[in-house]
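Contents: one structure, followed by commentary.
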Amino acid sequence: MSGSRLAAGGVVDRSRPLAFTVDGRTFSGFAGDTLASALLASGSMLSGRSFKRHRPRGVLSAGPEEPNALYGVGEGGRFEPNSRATQVMLYDGLVGRSQNRWPSLESDVLSVLDRAAPLLPAGFYYKTFKTPLSAWPVYEKVIRALAGLGDPPQAPDPDAYGERFAHADMLVIGLGVAGLAAARAAAEAGLRVLAVEQDSVAGGAMQGAATRVGGFSAAAFAAEELGRLRELGVRVLVRTTAFGVYDHGLVGLVQRLAEPGQKPGGAISQRLWKVRARHVVLAAGAIERPLVFDNNDRPGVMLAHAGAVYAQRFGVAVGQNVVFVANHDHDYQAVRALLEAGIRIAAVLDQRPLADIGAAARQWAAHAVDLRSGVRLLDARGGRAIESIRFSTDATPSVLACDALLCAGGWTPTLHLHAQARGRQAFDAARGVFLPDGAAGNLAPAGACNGAVTPQDCWREGWRAAGEAAVACGRKAPPDPAPRFEHECDAEGVHAMPPLHADRRSKTAFVDFQNDVTLADIAIAHQEGYQSVEHLKRYTTLGMGTDQGKTSNLIGLHVMAEHRQQSPDLAGLTTYRPPYTPVTIAALAHGHTGAHLEPVRRSPVFADLAEAGAAFQTSGLWLRPRYFPTRGETLAQAAMREAKAVRDCVGLTDASTLGKFEVAGPDAAAFLDLIYATGVRSLKVGKARYAVMLNDDGCVFDDGTIWRVAEERYFVTASTARSAAVLQRLELFREFVAPHSRVVLCDVTEAWAAFVVAGPASRSVVMKVLPQLDELGPQDMAVHQSMRVSRISYSGEHAYEIYAPPATASSCWRALLAEVRKAGGAPYGLEALEWLRIEKGHVAVGAEIDGRTTAADLGLHRWIKKGVHAGSAGASRPALASPDRWRLVGLRSENAGIPEGAPLVDEAGVQVGRVTSSGFGVGVGAHIALGLVRHGAERHGEILTAASATRRRNVRVRLTQTCAYDPEGARLA
Amino acid sequence: MPDTCSIDDPDFPVVWRLSSLQAGGDGAQRDAHGLPAPGKAASLQTSRVLWRAPGSWLLIGERSADLAAELTAGKTRLACELTGALGRLRCRGPAWRLLLQTACPLDLQADAVRDSCLASVFGPFDIVIDVLGEDTADIYVARSFLQDFEAALHRALEQI
C-alpha cells in the first residue's frame, strides 16, 4: 500500500504546510490533517505493533475507534501516550513516537512472539505461570516489562487544566447530521443549547460521503449548519468528547484546547465540563466494523468508510491500487467517494450474490475495473503492508494484487452513552444489531446511533427529538426545513453481520486488533466455559484497551453466539463503562494536585505562628503548629523544652481550631442537658465545665467544655477532630429530637481565636495583658472586653483559655507571647501538648476516644449524670458494663520510648491491651503512655510488654494509674 | 467585554446571625420586618441581609448589631455575632458567573439574579453568593479557608 496526497480535494488548508516528526523522521502535512492522514499522505503505512504478538499494523479507521495507530505524542511533561493518530490534529512541530516496539517500528525484536502464537492462546498466562511457585518473581519481572501499552510521561506536566460546570435546556452530543438538526431545532425553539462534537469539524459520517445537500458538498453543508448554530446562540464545543453519563444525568465532557503534546495557546490545555441538561439528544453515530478473515490485520486493510474519509476530507488516497469489499449497497457510497476523488479502484468484491446488489450500487461499481459477486475473502498477503488478497468465487482461489483493501463489515450503532444513562438496548433480529430501546431518562438517541442510515433519516430523527424536547420545555417545535440529501444507495443490510468465511479456529483471523484476539481465542474461551460475554472479555481481553472494543465487541459477540448456537441477543452486551474514549488523568484532576489537592484551614494567627517559628502539621484540613524549634532542635528536643516551660514556668499555644458553638434560648440548658451526658442545668452563669458527649451506642463521641455565658446562652467547645460531627449532632437533635425546643444553634468556630496560657506563671502573664480581668477560680469564666476567658486546664497546670475575636486575635497573641517570653516561657505545639495531657491522664479523640470506648473505660464515669440523655440507652447495655472490657491505664517505662499503637502482651504472650498514645513525662522524668488493658484498673504495678512488630521493638512497661502527674490537682489552684 | 471579571481584595465584614426560636422560622414576622425570603438577599437599613436557612439570616454591615438588636426585640429571635468568621470577596464584571462556574455546580446563568442569595460550593469550599447586581456579586467563605479560596479564585480567573 502506498498512500499519497491527491492533487486536489479535501478540506485541509494546503496553504498552511506543517512539519512534524515521527520516530525522528520528518514528515509534512497540512492544517486540518490528523496525524493519521498526514502519515498516510506521506506514504507511511506502518503505524504500530499489536499488543501481544507485535504484528505490524496500519491505520484501520478515521476516528475514535482506531485500535492500531497509537502514538506517544509530545515531549517531556507534555508527552501523551496512546494517542490515536486518527484523532490527533496535526500541528507544526508535533513529535510522535511509535509504541510497543523495540528497537524500531520496522524491526521489532518482539515480533518473534507472533511466531510463537500457537503457544500463546487466550488465557495462557492464567495457566502458564503457576509453577514452579518459586519462579513467580522471575515471571513477574518479565511480564511487567512486557505489559502495558505506551509509556507514561517522565516529567511533570507543565500545563494547566480547567473545569467548568454548565447547564442547558438541551445538550446535543455529536454534530453529525442528526446532531446538527437537533441543535438547530432546539435553538430555533428558543432553548438554551450546548452542542459538542469530538472531532474538529462537524458532519460526522458525511465527511466521507460524496453526498450533496441542496447542491453543496457535505462538508460545506456541515460547515454552514455549524455557523448557523453559532448565530442562533448555540454554545458549540468541538474537539470535545462526551466521555460518560453519570448519576442524575450528569454528562462528563473533555474539551481539548491543545492537541496531545502541544503547548496550549491559552491558559489551559484541556477543560473538564460537567453538564446538566434538561434534555440530551444523543447523536453519537455508528462505527463501521472490519471483516474477519485470515491476516485481516495487514497494514493497508482498512475500514471502507475510513478510506472515503481520507479521500473526501483530507484529500488522501490510501492506495494506488485499491480493492473494495462490500456487503451491502450503502457502502457503495464509499466507492463513489473514492472514485469522485480520483482514486483508482482495482476491484469491488461483493460477498453477496449479484442479484442482491442494487442497481445504484452496481452503477457505481461499474466505474471500478472489476466487480465480483459471491466472493469469499480468504487471506491478505504481505508483510509490513498488504500486497495481495486471496479470494474465491467458486472452488478455485484467486489472487489479486492491491496496496489497500477497504472492507465494509457493517455498522454498529454507538450505544455507550445510552447504556451509561441506564437505557435498555434491544437486539433487532432483522438487522442483526443492538439498538436503543427508547430513550434513557432525559437522553433521547437520534440518527445513526438509533439505527437510522440515510442522512435524510438522520436529519429527520434529530429534528424530531429536539422538537419533542422543545415541547416538553413548553416551547413550540419549529418546522423542519428538511434539506434534501442526495442518497442513491439502498440502506438495506447496513447493520448486518457479514458471513464469516474464516476457520473458527484461525489464529490469524483477528476480531480485536488491539488485543490480538482471534477466532481461535474465542473458540478456546467457549471450549473452556468462558461463554458469557463478560467472561469472554476477561478471558481473552476482547474489548479491552484504549478502543474498548468499538470495532470488535459485536463481532466477538456474534462469534460466541454462533459457538453457543443461540441468538446474539441471548448473549447480551458487556457493560459500557465510562470513559467512552480515554481521558487523561490530568483532565480529571484539573489542577487539584500538589498543594492544591485539598484546601488548608488557617488559624487567625497563622502568620504570627509562622513568625514565631512554628513547624506546622496538618490536622484534618487545619495547619497547626507541631513545635517551635529553635537553634536546629529536633522535634523531641523542642517538645521537651516546650513541655518543661509549661511545667516550670509558662507556655502559650494556639487552640483556635477547636470547634465552638453558641447555644442560646429559653430551652438551651434543657437542650444541652439532653445531648450531653454531663449535667448542664446545674452550671451557673460565669462557670465552665468539662463535658462528655456520647454516641447513640453509648460510647464516648466527643469531649469539650460548656460555658454558661448568660442565663440563656452557652458557649460550647468541641475537639478539633470532631468539630463538624458535633455540630451535625447538635443540629440533628435540634431538628428531629427536640424540634419544639426554643433554642438556636450557631457555629462560631470561625468567629473566635483561642489561646491557652498554661503554667505556674500563667496568671501573671494573663494579668499583664488583661489587667482588668477579675481573679478567676478553677472553672470560672468571664467576659472581658471583647474576649471570653476561663480557668480550664488540659495540661494539668494553672491555665487560662482566652477566646478573642479574629480582628484582635493577632494583637492578643503577640501581647501574650511577649509576656510569656519575658517570663522565661515559650510557645508550645501539639507535641508538647500531647506529652502534657498524657502525663495528666487526659484522653483525646482519635487515641483513647476511638468510637469503641465508654466513659467507664476511660475513667470518665464521674462526668456522666444519671437519667436520660443522648446515648444513655446504649450505655446501659450489659456488654458495656462487662468487667472484661479494656480500661484506661497509665504506662511507664524508665528507659525507652513506648511505641504508640503497640499491642500490650503479658508474659504468656497473650495480648491484653494496646498503647493508645505515648510521650515523655517531663514532670515525672520518664517515658509514659496511656493504654487500654483488660481489667486495667486492677493491674496497676503489673509489667507488660509493648510489642511493636512494625517498629521491631519490645518495651517493658509498668501499669500505673492514668494520672502520672499531680494526681491531687494541687497545681491547678 | 463579556469575559472580564476582577476580584477585590478580601475583607471581613461585621456579621450577625439572626435565628428564629420557632422551628421552621417565623414567616409572618419575617414579612413584617422585611427579611428576605428563602434564596433571597435584601438591603435593610444600612445592612445587607441574606437568607441562610428557614428562620435564619445573616445581617452584614457596620450597623448590623443595631439591626440585630431591633429584630430580636420581640424575643422570637436571637442573634449571635459572627464578625470575622466570614471573609468576603467582591467579584466585578460581566464574567463573574463564568468565573464561579469553573467550580460551582449551580446554574448561575439562570438562578443568579439580582438579590438572590445562593449557598453552594466552589470546588472544596462552601460559599455563599450574594448577587448584588448583574455585574457584581459578593462571595462569602469561612475565614480559615479564605487564603486558599482566594488563590483558587485567581487560578480560575486565569482559565476563563
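Chains as they are written, first to last, in the numbering used here: chain A, 977 to 1949; chain B, 3 to 162. Just so you know, even glycine gets a beta-carbon here, dropped at the ideal spot from N, CA and C. None of the values given here were measured: they were computed from a predicted structure.
Partner residues on chain A for residue i, Cβ-Cβ distance less than 7 angstroms
i, result
"F124(B)", "Simply none; closest approach about 10 angstroms."
"D7(B)", "Note that residue 7(B) corresponds to Cys in the displayed sequence, not to Asp. None at all; the shortest Cβ gap to chain A is about 14 angstroms."
"G80(B)", "Correcting the residue identity first, residue 80(B) is Leu in this sequence and not Gly. Per Cβ cutoff of 7 angstroms: A1640, G1641 and V1720."
"Q149(B)", "R1578"
"R19(B)", "C1722"
Nearest candidate by alpha-carbon position, reference residue i, set the options
i, options, result
"S1245(A)", "F1410(A), A1322(A), R1054(A) and L1229(A)", "R1054(A)"
"D113(B)", "C93(B), E136(B) and R94(B)", "E136(B)"
"D961(A)", "T1569(A), G1166(A) and F1006(A)", "Outside the modelled stretch of chain A, which goes from 977 to 1949, sits residue 961(A), for which no answer is possible."
"V1214(A)", "G1155(A), V1221(A), H1224(A) and K1239(A)", "G1155(A)"
"V1351(A)", "V1324(A), R1357(A), A1377(A) and S1595(A)", "V1324(A)"
"L1951(A)", "V1742(A), A1849(A) and D1643(A)", "Nothing about residue 1951(A) can be reported from this structure: the residues present for chain A run from 977 to 1949 only."
"C1939(A)", "I1651(A), G1772(A) and E1914(A)", "G1772(A)"
"A1123(A)", "P1455(A), S1508(A), R1029(A) and A1195(A)", "R1029(A)"
"P1782(A)", "R1739(A), G1800(A) and S1762(A)", "S1762(A)"
"T1369(A)", "V1622(A), G1899(A), L1046(A) and L1347(A)", "L1347(A)"
"F1269(A)", "L1533(A), P1421(A), V1256(A) and V1301(A)", "V1301(A)"
Same chain, Cβ closer than 6 angstroms to residue i, five either side skipped, listed in chain order
i, result
"W1435(A)", "V1153 and A1157"
"W1340(A)", "Y1308, V1311 and R1312"
"K1483(A)", "A1093, T1494 and A1496"
"M3(B)", "Note that M3(B) has pLDDT 45, beneath the 50 cutoff, so the model's placement of it is unreliable and no number is given."
"G1099(A)", "Y1515"
"D989(A)", "F1006, A1007 and G1008"
"D1545(A)", "F1403"
"C974(A)", "With chain A represented from 977 up to 1949, any question about residue 974(A) goes unanswered, as that position is not in the structure."
"V1221(A)", "V1227, L1393, Q1396 and A1397"
"M977(A)", "Interpretation of M977(A) is limited by its pLDDT of 44, a score under 50 that renders its predicted location unreliable; the figure taken from the coordinates is listed afterwards. Excluding residues within five positions, the ones whose Cβ falls inside 6 angstroms are M1021, G1276, G1295, A1361, I1362, D1379 and A1380."
Per-residue contacts from residue i into chain A (C-beta, under 8 angstroms)
i, result
"R145(B)", "P1580, E1726 and P1782"
"L84(B)", "C1722, V1724, E1726 and A1727"
"F23(B)", "In the sequence as presented, Phe is not what sits at residue 23(B); that position holds Leu. Within chain A, the residues near L23(B) are G1641, P1642, R1718, V1719 and V1720."
Interface residues of chain B facing residue i [CB-CB closer than 8 angstroms]
i, result
"K1250(A)", "P107"
"I1682(A)", "None at all; the shortest Cβ gap to chain B is about 16 angstroms."
"G1567(A)", "R157"
Within 8 angstroms, strictly: CB atoms of residue i and residue j
i, j, result
"G1334(A)", "D1305(A)", "yes"
"P1266(A)", "G1385(A)", "yes"
"A1851(A)", "L1634(A)", "no"
"L1920(A)", "V1888(A)", "yes"
"R1602(A)", "L1806(A)", "yes"
"A1902(A)", "S1869(A)", "yes"
"Y1941(A)", "K1816(A)", "yes"
"V944(A)", "A1198(A)", "Nothing in the structure corresponds to residue 944(A), since chain A is present only between 977 and 1949."
"D132(B)", "A43(B)", "yes"
"H1471(A)", "V1409(A)", "yes"
"V1865(A)", "G1897(A)", "no"
"L1880(A)", "A1922(A)", "yes"
"A1317(A)", "L1015(A)", "no"
"C1449(A)", "L1167(A)", "yes"
Residues near residue i by beta carbon distance below 8 angstroms, same chain, minus five either side
i, result
"S1543(A)", "F1403, A1405 and A1537"
"Q1503(A)", "none"
Cross-chain neighbours of residue i in chain A, by beta carbon under 9 angstroms
i, result
"S1(B)", "In the structure as shown, chain B begins at 3 and stops at 162. Residue 1(B) is therefore absent and cannot be evaluated."
Beta-carbon neighbours of residue i, restricted to chain B and to distances below 7 angstroms
i, result
"F1141(A)", "Q103, C106 and P107"
"R1790(A)", "Those do not exist, as R1790(A) stays about 17 angstroms from chain B at its closest Cβ, beyond 7 angstroms."
"G1138(A)", "T104 and Q161"
"I1498(A)", "Going along chain B, no residue has its Cβ under 7 angstroms from I1498(A), so there is no contact; the nearest lies around 44 angstroms."
Close Cβ partners of residue i (< 7 angstroms) along its chain, the five nearest in sequence each way excluded
i, result
"T1892(A)", "A1823, E1824, L1906, G1907 and L1908"
Fill in: Within 7 angstroms of chain A by C-beta, residues of the stretch 91-106 of chain B in sequence order
Q103, T104, A105 and C106
Fill in: Contact residues within the stretch 1722-1735 of chain A, judged by C-beta distance below 7 angstroms to chain B
C1722, V1724, E1726 and A1727
Discussion item. Short of 7 angstroms Cβ to Cβ, which residues in the stretch 1357-1376 of chain A face chain B?
Written reply: none
Practice prompt. Give the residues from the stretch 1193-1216 of chain A that approach chain B closer than 9 angstroms (Cβ to any Cβ), ordered along the chain.
Written response: For the stretch 1193-1216 of chain A, the beta-carbon criterion of a distance under 9 angstroms to any beta-carbon of chain B is satisfied by none of its residues.
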